[in-house]
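Enquirer: Counting from 1, one number per residue, gives the positions in the sequence shown under full-length UniProt numbering. Got a structure here, written out as structure tokens. Questions coming.
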Amino acid sequence: MSHAIIELKNIVYAFPDRENALNGLTFHLHHGEKLGLFGPNGAGKTTMLHILMGLITPNTGEIALFGTTMTDKDMFNEARLRIGFLFQHSDDQLFCPTVLDDVAFGPLNQGLSKDEAASRAQEALQAVGLSGFEGRIPHRLSGGEKKLVALATILSMRPEVLILDEPTTGLSPEAKDRLIGILRNLDMARLVVSHDPDFLTATTDRLIAIRDGQIRPGELKPHTHTHVHEEGDTPHQHD
Ligand SMILES: Nc1ncnc2c1ncn2[C@@H]1O[C@H](COP(=O)(O)OP(=O)(O)O)[C@@H](O)[C@H]1O
Ligand SMILES: [Mg+2]
């Protein structure tokens, strides 16, 4: 297979007793690429991400990560240490008693010492604007705070590529702007899944879509919309 970060070839997958969710899907993410993926609810976006992470095994098809075809669980486990994967539901990502434990978990898993992992965790929490949250209990945080902690759990691993599944779900407009700022400051290759066209345009360079279980060119129609802000009366700009 070619030297892409992620390569999916002819992936077919159906959940038990369902029609195919993915129907011969082929996809590449190359080094330096920032791709945005959109598509209606139920189109198979999350399923595709779970397949490329090795969390679901496709019925047929081939997956290569960092230029190597994945043939067993151990290979996926190793490749996953280099990928920052943000789950659609933050509760799937946060399972430790404290925020610090959750954010240090990845670096510890990569083999760093406890001190090194804690310092990586603190750095990552600072990057998402949550310094001081170290001792908080993850499952008691707001949805937006959970999402940012979840992002910190992957940034602390200094991944080579980011894969974000609906990262703006549950975020306030302020938290969303903060996330856009964080992502624009990172030069990492990425695949961002979102139904929010403004967010995708701000955080990626090229759009693709998923329809009928396959990847299609993504064309967003220019549109205008009204929106509300707490400071809506203050003059402001959007780019
Ligand atoms: N665990 C599951 N069991 C059965 N069907 C599922 C499961 N998860 C998702 N599906 C179905 O698979 C299809 C694709 O779902 P999903 O990948 O979550 O879509 P998206 O992320 O694009 O909204 C949908 O029809 C969904 O209902
Ligand atoms: Mg989804």
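The C-beta atom is built at its ideal place from N, Cα and C for all residues, glycine as well. Quantities reported herein were computed from a predicted structural model and do not represent experimental measurements.
Could you please give me the residues that DSSP links to residue 217 through a beta bridge?
Expert: DSSP lists 208 as the beta-bridge partner residues of residue 217.
Enquirer: Would you check if the distance between the CB atom of residue 203 and the CB atom of residue 183 is smaller than 7 Å?
Expert: yes
Enquirer: Out of 15, 61 and 57, which one is the CA nearest neighbour of residue 25?
Expert: The shortest Cα separation from residue 25 among 15, 61 and 57 belongs to 61.
Enquirer: Closest by CA to residue 21, which one among 210, 141 and 219?
Expert: 210
Enquirer: Looking at residue 63: is its Cβ nearer than 7 Å to the Cβ of residue 53?
Expert: no
Enquirer: Between the C-alpha atoms of residue 58 and residue 13, what's the straight-line distance to the nearest angstrom?
Expert: 5 Å
Enquirer: In this structure, does DSSP put residue 1 in helix, strand or coil?
Expert: The predicted model places residue 1 with a pLDDT of 47, which falls under 50 and marks its position as unreliable, so this point remains unresolved.
Enquirer: Would you call the region 113-128 and the region 70-89 in contact, with 3 or more CB pairs under 8 Å?
Expert: no
Enquirer: Among 143, 28 and 3, which one has its Cα closest to the Cα of residue 9?
Expert: 28
Enquirer: Cβ of residue 120 within 7 Å of Cβ of residue 90?
Expert: no
Enquirer: Excluding the five sequence neighbours on either side, which residues of its own chain have a C-beta within less than 7 Å of the C-beta of residue 31, listed in chain order?
Expert: 5 and 189
Enquirer: Beta-carbon separation of residue 100 and residue 134 under 7 Å?
Expert: In contact: residue 100 and residue 134 (Cβ atoms closer than 7 Å).
Enquirer: State the start and end residues of the unbroken alpha helix (DSSP H) segment that holds residue 165.
Expert: Run containing residue 165: none in the alpha helix (DSSP H); it sits in the beta strand (DSSP E), 161-165.
Enquirer: For residue 9, which residues does DSSP report across the bridge?
Expert: 62
Enquirer: Within the continuous alpha helix (DSSP H) that includes residue 50, where are the two ends?
Expert: 45-52
Enquirer: State buried or exposed for residue 78, treating a residue as buried only when at least 16 other CB atoms are found within 10 Å of its CB.
Expert: exposed
Enquirer: Please write down, chain order preserved, every residue whose beta carbon lies under 7 Å from a heavy atom of ligand 2.
Expert: In chain order, the residues with a C-beta atom nearer than 7 Å to some heavy atom of ligand 2 are 45, 46, 88, 165, 166 and 193.
Enquirer: Using DSSP's beta-bridge definition, name the partner residues of residue 68.
Expert: 65
Enquirer: Of the choices 137, 123 and 138, whose alpha-carbon is the least far from that of residue 131?
Expert: Of the listed residues, the one whose Cα sits closest to residue 131 is 123.
Enquirer: Just the C-alpha distance for residue 11 and residue 147, rounded to the nearest angstrom, thanks.
Expert: Cα atoms of residue 11 and residue 147: separation of roughly 29 Å, rounded to the nearest angstrom.
Enquirer: Is there at least one non-hydrogen atom of ligand 1 closer than 6 Å to the beta-carbon of residue 42?
Expert: Taking 6 Å as the cut-off, one finds at least one heavy atom of ligand 1 near enough to the beta carbon of residue 42.
Enquirer: In the DSSP assignment, the beta strand (DSSP E) including residue 83 goes from what residue to what residue?
Expert: 83-86
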